Structures are given as structure tokens and as C-alpha cells.
Amino acid sequence: MIVNLNTEGFSIITQTHHAHLACLIAENLKEEYKKLYFSDVFAAIAFHESKETDFNYNQQLSDLGQPISFDKPEGSTAESAKKVEHILNDLVTRSLLVAALVSSHFKFLYPEVFNNKLVSPRNCNLDKDAMKLYAIPVKEYKLLYGILKFCDRLSLMICKEEFPDANRCFEINHSLGNTLHNMLEKEGEFLIDPWPFTGDSLEINYEYHLIKQSSFKNTEAFLKAFSESEICLKKVVFKN
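If you count the sequence shown from 1, position 34 lands on 459 in my numbering, and the numbers rise without skipping.
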């Protein structure tokens with residue numbers, strides 16, 4: 426989960442909703458990015474998060490009983506390996522190429538898991554196996570994964586409210602088409618340069634769960650409050 430604290434309380438976005446937003450971003454990319462196996466890329470974006478990751482794997486609350494984002498707990502390498510193995514085992518039955526693209530993302534996020542061979546040999550080599558099966562050159566495969574990585578990063582910036590202000594510029598990444606993309610604030614508007622989308626603007630509506638309670642005695646109490654929480658909507662608009 427992704428947690429933001431504001432004057433109303435805690436706004437919580439699940440990992441699966443973050444993946445959903447990444448799909449919305451991918452859907453609006455220019456056609457030049459959708460030529461080769463885009464349906465597989467889209468599926469990899471959608472399924473790179475699972476319900477198991479919605480509420481973190483090892484810790485949901487801080488020592489003060491407040492909900493914490495997925496990147497705050499100090500999870501062990503073994504726990505990361507368990508998560509990776511579980512998700513990839515599920516995905517490989519759906520599509521080798523989809524599983525490969527997600528495995529490439531996990532190699533970026535959890536290099537120690539793969540360097541130490543803490544997942545099965547099959548899951549360590551999904552990318553190589555998919556490129557061989559589909560006869561995809563390494564260069565083309567990297568472009569496919571670059572789409573996933575860009576959409577994931579921009580979605581995460583939205584969910585974590587990492588928006589520039591005062592005419593500042595934030596780097597998104599250089600994954601899409603091997604080109605550095607930046608997010609800029611100019612006169613109250615958010616611009617993305619270079620512009621990767623169809624049309625001259627992109628509106629993203631995203632949901633969050635509002636929890637007004639300040640702390641919880643245990644995880645069960647927090648999950649109950651989450652299940653009963655109000656679902657709210659926010660909007661961000663990017664322009665060319």
C-alpha cells in the first residue's frame with residue numbers, strides 16, 4: 426500500500442490500484458510505443474502487483490500504530506524472494522512473455538534476490554527463455570520492458586504525490602524509448618517533456634481510501650478500518 430498523510434487523515438492507495446493507473450498511462454501512449462507485443466506489455470503492467478502486495482508483506486503499521494507505505498518496512502531478502510517466486514509462478518502459467526517482463530522488473534527492484542539465486546532457476550531465466558521462444562532481440566525486449574518501467578514509475582509518482590512545484594523539474598526515468606522524460610511544473614500546470622501521449626493532455630483519475638483514525642492497536646483493527654473506509658477520487662492533469 427501507498428500511504429499519504431494530509432489534513433483529513435491517511436489516504437491509502439493499494440498496490441493493485443497503482444498497477445491499474447500504470448495501465449491507464451500505458452493505454453494513452455503514442456502508437457509508436459504499441460507496435461510489438463503491446464498486449465503482453467499491458468498485461469505485465471497490470472499483473473506486476475498482486476493482492477498479496479496490497480498491504481505489504483511483512484509490516485503494515487509503524488511502532489506508533491500508523492499505516493506505513495510498502496517501501497518503509499525493512500523487509501528481508503528472503504521475504505522479497507518469497508514474494509517474487511509466488512508472483513512469477515502464477516504468471517508463467519498465464520504467459521511466458523508476461524512473466525518475463527515482470528521478472529525483469531523484479532530484477533531491477535530486488536537484484537539481491539536474483540544475484541543470490543534465491544528463486545528457482547526457471548524464474549531466474551524467464552527473460553532469456555521468452556526472448557528465445559518469441560525470437561525477440563535483446564534490444565527490442567529492453568524497449569518492451571522500458572514501457573513497463575516508465576508507466577510504473579509515473580504511476581508511483583502520482584500515487585506518492587511526487588509532483589514538482591515552483592517551476593521545478595523532476596526526472597521520471599529514461600526507460601521509455603531510451604529517452605529521459607521529465608515532469609515539470611509551470612504556472613500551476615504539470616508538463617511532461619518530451620510528450621509521450623496521444624492528444625495534448627492526459628487526465629488521470631485515481632482512487633484512495635480515506636482513514637481518519639490516527640492509529641491502530643494491531644493490523645486486524647487497521648484492516649477492518651480500511652474495509653469500511655470511504656473511497657475518494659483525485660485527479661491530475663498532465664499537458665504537452
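Just so you know, even glycine gets a beta-carbon here, dropped at the ideal spot from N, CA and C.
Quick caveat: nothing in here was measured; it's all calculated off a predicted structure.
Measuring alpha carbon to alpha carbon, tell me which residue in the options is nearest residue i.
i: Ala-471; options: Leu-573, Asn-598, Tyr-633, Phe-651; result: Leu-573
i: Lys-611; options: Gly-571, Glu-645, Pro-492, Lys-664; result: Lys-664
i: Asp-552; options: Val-563, Leu-446, Thr-623, Thr-644; result: Val-563
i: Trp-620; options: Gly-613, Cys-657, Asn-630, His-606; result: His-606
i: Ser-505; options: Leu-521, Phe-539, Arg-578, Glu-628; result: Phe-539
i: Thr-623; options: Asp-590, Cys-594, Ala-451, Lys-649; result: Ala-451
i: Gly-613; options: Lys-649, Gly-571, Ser-652, Asn-592; result: Asn-592
i: Pro-589; options: Ser-600, Asn-541, Leu-609; result: Leu-609
i: Leu-526; options: Leu-543, Asp-465, Asp-515; result: Asp-465
Could you round the C-beta distance between residue i and residue j to whole angstroms and report it? I think they count as a contact, below 8 Å.
i: His-473; j: Ala-503; result: With 8 Å as the limit, His-473 and Ala-503 do not qualify as a contact, their Cβ atoms being about 21 Å apart.
i: Ser-487; j: Met-426; result: That belief does not hold up - the Cβ atoms of Ser-487 and Met-426 are roughly 13 Å apart, past 8 Å.
i: Asn-548; j: Glu-510; result: 6 Å
Among the residues of its own chain, which have a CB less than 8 Å from the CB of residue i, if the five just before and after it don't count?
i: Thr-441; result: Glu-474, Ser-475, Lys-476, Thr-478, Asp-479
i: Ser-639; result: Gly-434, Gln-491
i: Tyr-631; result: Ile-438, His-442, Leu-446, Ile-583, Cys-584, Leu-658, Lys-659, Lys-660, Val-661
i: Tyr-535; result: Thr-502, Ser-505, Ala-506, Val-509
Please list, in chain order, all residues of the same chain as residue i whose beta carbon is under 6 Å from its beta carbon, the five residues on each side excluded.
i: Glu-537; result: Thr-502
i: Leu-579; result: Ile-450, Ile-597
i: Val-517; result: Ala-524
Enumerate in chain order the residues of its own chain whose CB-to-CB distance from residue i is below 7 Å, with the five nearest sequence positions on each side excluded.
i: Ile-656; result: Glu-632, His-634
i: Ala-468; result: Ser-520, Val-523
i: Ser-528; result: Leu-513, Asn-548, Leu-551, Asp-552
Are any of the Cβ atoms in chain B nearer than 8 Å to that of residue i?
i: Phe-533; result: Reference to chain B is not applicable here, since this structure consists of a single protein chain.
Ranges of the beta strand (DSSP E) found wholly within the region 624 to 657, counting only runs of at least 3:
626 to 636
message = Using 8 Å as the cut-off, can you tell me whether the region 582 to 591 makes contact with the region 547 to 560, which would need three or more C-beta pairs spanning the two stretches below that distance?
response = no
Inter-stretch contact (C-beta, 8 Å, three-pair minimum) for the region 638 to 654 and the region 448 to 465:
no
- Item | Inside the region 481 to 520 only - beta strand (DSSP E) runs reaching at least 3 residues | none
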